Amino acid sequence: MNYIENLKWRYATKKFDSSKKISSENLEKLKEAIQLSVSSYGLQLYKVIIVENSTLREKLKSVSWGQDQITEASHLVVFCNYTNVKDKHVDNFLNKTAKTQDMEIKNLSVYGDFMKGKINEMTKSESFNWTSRQTYLALGNLLSACAELKIDSCPMEGFEAEKYNDILGLSEQGLNAAVIATIGYRSNEDHTQNRPKVRKSLNELFEVL
Ligand SMILES: Cc1cc2nc3c(=O)[nH]c(=O)nc-3n(C[C@H](O)[C@H](O)[C@H](O)COP(=O)(O)O)c2cc1C
-13 MNYIENLKWR YATKKFDSSK KISSENLEKL KEAIQLSVSS YGLQLYKVII VENSTLREKL
47 KSVSWGQDQI TEASHLVVFC NYTNVKDKHV DNFLNKTAKT QDMEIKNLSV YGDFMKGKIN
107 EMTKSESFNW TSRQTYLALG NLLSACAELK IDSCPMEGFE AEKYNDILGL SEQGLNAAVI
167 ATIGYRSNED HTQNRPKVRK SLNELFEVL
C-alpha cells in the first residue's frame, strides 16, 4: 500500500474495539515517528503523554465531551506544549546539538543568541500559540504512521484543556494539553468507516501562480 492509499484507508475513528491493544513493538514505532517530527528550529517544545490508565481515562472522558474514544481506544496520546519558553530550552538544544554533531558549543552561540532573541520578542500568547502549533506537526506524523501500520486513530480537539492540565498535573510542569489523539483498532460497528471522504476538489484547494 502506498502513502495515498494509507491516507484513504484511515478515518477519524469514532468507535474503537476496546479488546484490541497496540503491541509494544508498534507503540515504539509510533513514538519514533513522533520523535522524528519537524519542529521550529528543531527545539521540540512539547512533551507527549501516553495515557493507558483506565481510571485516568474515565476522568478525562468526562472533560472530553463524553467522547467514547477516550476510554475505548487502545491508547490516548496527549500532545502538550511548553507554555513558557525560556533560554534554558534553547541551551538544552544547543548542548544536544553540540554533542550529537560533535561540535564545539561556542560555535553555536551566535545561532543560540539569534533563537533566544526571536523567542524573547514574542508575547506570552504568541509563544503559547507557536509552541502549540508545533504539536500539530507531531500529530500529523502520528496519524500517518498509524495508517502505515494499519492502526486506527482519531485526532481530537474536543476536550477541555484546562481540566486536562489539572488532571494530568501538566500546569506545574509548565505544560498545556494542546491536542490529543486516540489510537487503536476500529470496531466493526463503527459505521462511519464506510463513509466516503468529504474533501474539497483539487481545483478548489489549490491555486497555481
Ligand atoms: C485538530 C482536529 C481536531 C478534531 N477533533 C475531533 C474530535 O474532538 N472528535 C472527533 O470525533 N473527531 C475530531 N476530529 C476529526 C475530524 O472531524 C476529521 O479528521 C475530519 O472530519 C476529516 O475526516 P477523516 O479524518 O475521517 O478523513 C478532529 C480533527 C482534527 C484535525
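So in this note's numbering, spot 140 of the sequence shown is number 126, and the numbers just go up one at a time. No residue lacks a Cβ here, since even glycine has one placed at the ideal position from N, Cα and C. As the structure is a computational prediction, the values presented were derived from the model and not from experiment.
Note to self: Mapping the DSSP letters down to three states, classify V194 as helix, strand or coil.
What the structure shows: Stepping through the sequence shown from its first residue, residue 194 is reached at position 208. Reduced to three states, the DSSP call for V194 is coil.
Check: Rounded to a whole number of angstroms, what is the C-alpha to C-alpha distance between Q120 and S25?
Finding: Indexing the sequence shown from 1 puts residue 120 at position 134. Indexing the sequence shown from 1 puts residue 25 at position 39. If you take the alpha carbons of Q120 and S25, they lie about 6 Å apart.
Check: What span of residues does the beta strand (DSSP E) with N67 cover, start to end?
Finding: The residue you call residue 67 lines up with position 81 of the sequence shown. Judged by DSSP secondary structure, N67 falls within the beta strand (DSSP E) whose first and last residues are H61 to Y68.
Next item on the list: Under 8 Å by Cβ, that's how I've got R(-4) and L125 pegged, so tell me the actual separation to the nearest angstrom.
Entry: The residue given as residue -4 occupies position 10 in the sequence shown. The residue given as residue 125 occupies position 139 in the sequence shown. Between R(-4) and L125 the beta-carbon gap is near 13 Å, outside 8 Å, which marks them as no contact.
Item checked: Neighbour-count burial assignment, F242, 16 or more Cβ in a 10 Å radius -> The structure shown does not extend to residue 242, since the chain is modelled only from -13 through 195, so no value can be given for it.
Check: How is the alpha helix (DSSP H) around N151 delimited, first residue to last?
Finding: One-based indexing of the sequence shown puts residue 151 at position 165. From DSSP, the alpha helix (DSSP H) with N151 extends over A147 to I153.
Notebook entry, point to check: Of all the CB atoms in chain C, is at least one closer than 8 Å to the CB of D54?
Noted result: Looking for chain C here will not work: only one protein chain is present.
Check: Where the beta carbon is closer than 6 Å to any heavy atom of ligand 1, which residues qualify, in chain order?
Finding: Listed along the chain, these residues meet the criterion: Y(-3), A(-2), K0, Q53, C140, P141, M142, E143, G144, V165 and K183.
Next item on the list: Could you tell me the distance, in whole angstroms, from the CA atom of W116 to the CA atom of F65?
Entry: Translated into positions along the sequence shown, residue 116 becomes position 130. Translated into positions along the sequence shown, residue 65 becomes position 79. Counting only the Cα atoms, F65 lies some 14 Å from W116.
Next item on the list: Could you pull out every residue in the same chain whose Cβ sits closer than 8 Å to the Cβ of N127, ignoring the five residues on either side in sequence?
Entry: Reading the sequence shown from its first residue, position 141 is the one you call residue 127. Only A19, I20, L22 and S23 meet the Cβ criterion.
Item checked: Alpha-carbon spacing of Q159 relative to F2, whole angstroms -> Reading the sequence shown from its first residue, position 173 is the one you call residue 159. Reading the sequence shown from its first residue, position 16 is the one you call residue 2. Computed Cα separation, rounded: 31 Å.
Next item on the list: Under 8 Å by Cβ, that's how I've got V37 and L62 pegged, so tell me the actual separation to the nearest angstrom.
Entry: Position 51 of the sequence shown, counted from the start, is the residue given in the question as residue 37. Position 76 of the sequence shown, counted from the start, is the residue given in the question as residue 62. Between V37 and L62, the beta carbon gap of about 4 Å places them in contact (Cβ cut-off 8 Å).
Check: Between the Cα of N70 and the Cα atoms of L156, Y122 and E11, which residue gives the shortest distance?
Finding: Position 84 of the sequence shown, counted from the first residue, corresponds to residue 70. Of the listed residues, the one whose Cα sits closest to N70 is L156.
Check: Since Q179 contacts R172 with CB under 8 Å, what's their CB separation in whole angstroms?
Finding: Your numbering for residue 179 matches position 193 in the sequence shown. Your numbering for residue 172 matches position 186 in the sequence shown. The distance from the Cβ of Q179 to that of R172 is about 6 Å, consistent with a contact at the 8 Å cut-off.
Notebook entry, point to check: When DSSP builds the beta bridges, which residues end up paired with R119?
Noted result: The residue labelled residue 119 in the question sits at position 133 within the sequence shown. For R119, which the question treats as bridged, DSSP gives no partner whatsoever.
Margin query: Suppose you measure from the CA of K7 to the CA of V194; what does that come to, to the nearest Å?
Written below: Locating residue 7 in the sequence shown gives position 21, counting from the first residue. Locating residue 194 in the sequence shown gives position 208, counting from the first residue. Computed Cα separation, rounded: 44 Å.
Note to self: According to DSSP, is T168 part of a helix, a strand, or is it coil?
What the structure shows: Within the sequence shown, residue 168 is the residue found at index 182, counting from 1. DSSP places T168 in strand when its eight states are reduced to three.
Next item on the list: Could you check how far apart the C-beta atoms of Y27 and Y68 are, in whole angstroms? I think they sit under 8 Å.
Entry: Position 41 of the sequence shown, counting from 1, holds the residue named residue 27. Position 82 of the sequence shown, counting from 1, holds the residue named residue 68. Going by Cβ atoms, the distance from Y27 to Y68 rounds to 13 Å, so no, they are not a contact pair.
Next item on the list: Over the uninterrupted alpha helix (DSSP H) stretch that includes I56, give me the two end residues.
Entry: Position 70 of the sequence shown, counted from the first residue, corresponds to residue 56. I56 -> alpha helix (DSSP H) spans Q55 to E58.
Notebook entry, point to check: DSSP beta-bridge partners for A(-2)?
Noted result: Residue -2 sits at position 12 when you count from the first residue of the sequence shown. Paired residues: S139.
Item checked: Cα-Cα separation between Y(-11) and I137, rounded to whole angstroms -> As a working note, residue -11 is residue 3 in the sequence shown. As a working note, residue 137 is residue 151 in the sequence shown. Taking the straight line joining both Cα atoms gives about 14 Å.
Notebook entry, point to check: Just the Cα atoms here: how many angstroms apart are Q55 and E175?
Noted result: To locate residue 55, count along the sequence shown from 1; it is residue 69. To locate residue 175, count along the sequence shown from 1; it is residue 189. It is roughly 13 Å from the alpha-carbon of Q55 to the alpha-carbon of E175.
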